[in-house]
Amino acid sequence: MVSTTKLLALVQAKGAQGLFSLPTPVIRRLAGRPRTVEGRTLDPEMQLLLRIMGLQGPAVETLSITRGRRMYTEAFQMLGGAQPIGAVTDRTIDGPGGPLALRFYTPRGLSGRSPALVYLHGGGWVYGDLDAYDAVCRFLAEEAQVRVVSVDYRLAPEAQFPAGFEDAWAAWRWVTEHATGLGIEPSAIAVGGDSAGGNLSALVAQHAAHADDVVAPAFQLLIYPATDFVEELPSRTLLGEGYLLTKAFMDLCSDSYLAGDEDRADARLSPLRQDATGAAPAYVVTAGFDPLRDEGTAYVEHLRAAGVTVEHVEERGLIHGFANMVGIGRSAPRAMRRAAAALQRGLS
Numbered sequence: 552m553v554s555t556t557k558l559l560a561l562v563q564a565k566g567a568q569g570l571f572s573l574p575t576p577v578i579r580r581l582a583g584r585p586r587t588v589e590g591r592t593l594d595p596e597m598q599l600l601l602r603i604m605g606l607q608g609p610a611v612e613t614l615s616i617t618r619g620r621r622m623y624t625e626a627f628q629m630l631g632g633a634q635p636i637g638a639v640t641d642r643t644i645d646g647p648g649g650p651l652a653l654r655f656y657t658p659r660g661l662s663g664r665s666p667a668l669v670y671l672h673g674g675g676w677v678y679g680d681l682d683a684y685d686a687v688c689r690f691l692a693e694e695a696q697v698r699v700v701s702v703d704y705r706l707a708p709e710a711q712f713p714a715g716f717e718d719a720w721a722a723w724r725w726v727t728e729h730a731t732g733l734g735i736e737p738s739a740i741a742v743g744g745d746s747a748g749g750n751l752s753a754l755v756a757q758h759a760a761h762a763d764d765v766v767a768p769a770f771q772l773l774i775y776p777a778t779d780f781v782e783e784l785p786s787r788t789l790l791g792e793g794y795l796l797t798k799a800f801m802d803l804c805s806d807s808y809l810a811g812d813e814d815r816a817d818a819r820l821s822p823l824r825q826d827a828t829g830a831a832p833a834y835v836v837t838a839g840f841d842p843l844r845d846e847g848t849a850y851v852e853h854l855r856a857a858g859v860t861v862e863h864v865e866e867r868g869l870i871h872g873f874a875n876m877v878g879i880g881r882s883a884p885r886a887m888r889r890a891a892a893a894l895q896r897g898l899s
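Numbering (my numbering), first residue to last: 552 to 899.
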């Protein structure tokens, strides 16, 4: 394995994009001895990234909220790279707690009414914003050839549960009610997101399926969703250290988001504990080295038991957060192209 000193010199010389563009055998050498858990082998690009991040300073959850949010956004902007897009516009609507910012992405060459994705970002309901998830929204818009609407929902601890869901629900209603004027085909709107955003997306789909006055999603794109606040499934413990998303981070986020244990029984919190009957068809992608892997898989089974059509892909060698890594290497962009293709199929 290449020494820490040499690795840091390479990072400084080539930058993230340059480093992860090196040939695969070089990546393997830089990453070190392959890491295998439960028959899954960690992708060398992910292993190298984890090694580099381990040299870059304190973990986000050990910092103040303000500094941690800044570090979170800067890291994902770097990993996302400069993704091309036709047009990006920002808009503010009236939300349940005040102004609610939305960002609209139009892929190159798209005109007229088209399918769309309402995207709810990850970050544990505490971190993340429109800028942190700009690259993934650009990527999905271009790859799937759909309009994307990114939602800047309120974050904890300033706005605790159910503020995140309330904003997600309000944004969904607003987009569907104004679809025609936005150049969106009203019958072809998906809801999707990653991690905490996958949680909110699943909840929006469930609630819309049982609401008489709301257009239901045509499709769900759930990227390593958080689905259960009631029971900790084995992968949370097995993979809770050393794979980017840590138990300490998850505990901080749940403690910040929830006002108390009584919230855990609320129907707006755990999709795995709610009725999924009638929910839209879904593409659910989990990561083999993600603490949320097991609850994502459990939600796939929950959807199928409710009669929902589901395509489930486990990206066996990847880690939590790969959606934000579309600007580096080969593995994460490849996984997200699969997700974008599923979105395109689901809305066609």
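We put the beta carbon where it would ideally sit given N, CA and C, even for glycine.
Residue i, DSSP secondary structure in three states
i: PHE716; result: helix
i: PRO650; result: strand
i: PHE873; result: helix
i: GLY793; result: coil
i: ALA838; result: strand
i: TYR808; result: helix
i: TYR623; result: helix
i: ASP685; result: helix
i: SER882; result: helix
i: PHE800; result: helix
i: GLY771; result: Per the sequence presented here, residue 771 reads as Gln, with Gly not at that position. Three-state result, GLN771: strand.
i: ALA753; result: helix
i: GLY743; result: strand
i: GLY608; result: coil
i: PRO785; result: helix
i: ALA827; result: coil
i: THR613; result: helix
i: GLY673; result: coil
i: TYR850; result: helix
i: VAL562; result: helix
i: HIS863; result: strand
i: ARG659; result: coil
Candidates the options: closest to residue i by CA position
i: ALA892; options: ASP841, GLN628, GLN771; result: GLN771
i: ALA626; options: ALA719, GLY608, ARG591, ILE636; result: GLY608
i: GLY648; options: PHE716, ARG787, GLY748; result: PHE716
i: PRO884; options: ALA686, VAL781, ASP645; result: ALA686
i: ALA856; options: ASP817, ILE644, ALA827; result: ALA827
i: PHE690; options: TYR623, ALA874, GLY880, GLU846; result: ALA874
i: HIS761; options: PRO574, SER662, GLN825, ASP806; result: GLN825
i: TRP725; options: VAL766, GLY749, ALA739; result: VAL766
i: LEU809; options: VAL861, PRO708, ARG618, GLY791; result: PRO708
i: LEU630; options: ARG889, ALA714, GLY566; result: GLY566
i: LEU599; options: PHE571, ASP682, GLY673; result: PHE571
i: SER701; options: ALA741, ALA560, TYR623, GLU728; result: ALA741
i: ALA769; options: VAL781, ALA756, ASP763; result: ALA756
i: ARG782; options: ALA730, ASP812, ALA753, THR617; result: Reading the sequence as shown, one finds Glu at residue 782 and not Arg. The option with the nearest alpha carbon to GLU782 is ASP812.
i: HIS729; options: GLN568, VAL669, GLY583, PRO650; result: VAL669
i: ILE603; options: THR613, LEU581, THR617, ALA831; result: LEU581
i: LEU795; options: GLY605, VAL562, ARG584; result: GLY605
i: PRO635; options: ALA830, ALA692, LEU573, ALA560; result: ALA692
Expected contact under 8 angstroms - CB spacing of residue i and residue j to nearest Å
i: HIS863; j: SER746; result: Actually they do not touch by this definition, with Cβ atoms about 17 angstroms apart.
i: TYR775; j: THR837; result: 6 angstroms
i: ARG698; j: ILE735; result: 6 angstroms
i: GLY675; j: GLY660; result: Contact flag wrong, Cβ pair sits at about 36 angstroms.
i: THR787; j: LYS798; result: Per the sequence shown, the amino acid found at residue 787 is Arg instead of Thr. At roughly 7 angstroms, the Cβ-Cβ gap stays under 8 angstroms, so ARG787 and LYS798 are in contact.
i: ALA739; j: LEU898; result: 5 angstroms
i: LEU671; j: LEU558; result: Not confirmed; about 35 angstroms, so no contact.
i: GLU694; j: ARG888; result: 6 angstroms
i: ALA818; j: VAL859; result: Contact flag wrong, Cβ pair sits at about 18 angstroms.
i: LEU773; j: GLY732; result: Rounded, the Cβ-Cβ distance is 28 angstroms, inconsistent with contact.
i: GLY632; j: ILE879; result: 7 angstroms
i: ALA777; j: GLY749; result: 7 angstroms
i: LEU854; j: ALA830; result: 7 angstroms
i: GLN628; j: ALA667; result: Incorrect: roughly 24 angstroms between the Cβ atoms, too far for contact.
Other residues of its chain near residue i: CB distance less than 7 angstroms, five sequence neighbours each side excluded
i: ARG620; result: TYR678
i: GLY646; result: ASP718, ALA721
i: CYS804; result: GLY675, TRP676, VAL677
i: ARG664; result: GLY734, ILE735, GLU736
i: LEU784; result: ASP845, GLU846, ALA849
Own chain, CB closer than 6 angstroms to residue i, minus 5 neighbours either side, in chain order
i: LEU758; result: Strictly speaking, residue 758 in this sequence is His, with Leu absent from that position. For HIS758, where only same-chain residues beyond five positions count, there are no Cβ hits under 6 angstroms.
i: ALA652; result: THR643, ASP703
i: ARG579; result: PRO595
i: THR657; result: GLY637, ALA638, ARG698
i: ASP779; result: SER821, LEU823, GLU846
i: ARG654; result: ASP641, LEU681, SER701
i: GLY851; result: Before going on, a small fix: residue 851 reads as Val here, not Gly. If we look at VAL851 and ignore the five residues flanking it on each side, its Cβ neighbours are VAL835, VAL861, HIS863.
i: SER807; result: VAL677, ALA707, PRO708
i: VAL611; result: GLY619, MET622, TYR623
i: PRO713; result: ARG819
i: THR587; result: none
Cβ shell of residue i (< 8 angstroms), same chain only, five flanking positions each side left out
i: GLY868; result: ARG591, THR592, LEU593, ASP594, MET597, GLY839, PHE840, SER882
i: MET801; result: GLY675, ARG787, GLY791, PRO842
i: ALA793; result: The residue you asked about is not Ala; residue 793 is Gly in the sequence shown. LEU601.
i: GLN568; result: GLY632, GLY878, ILE879
Length at least 3, wholly inside the stretch 688-738: the beta strand (DSSP E) runs in chain order: Listed in chain order, they are 698-703.
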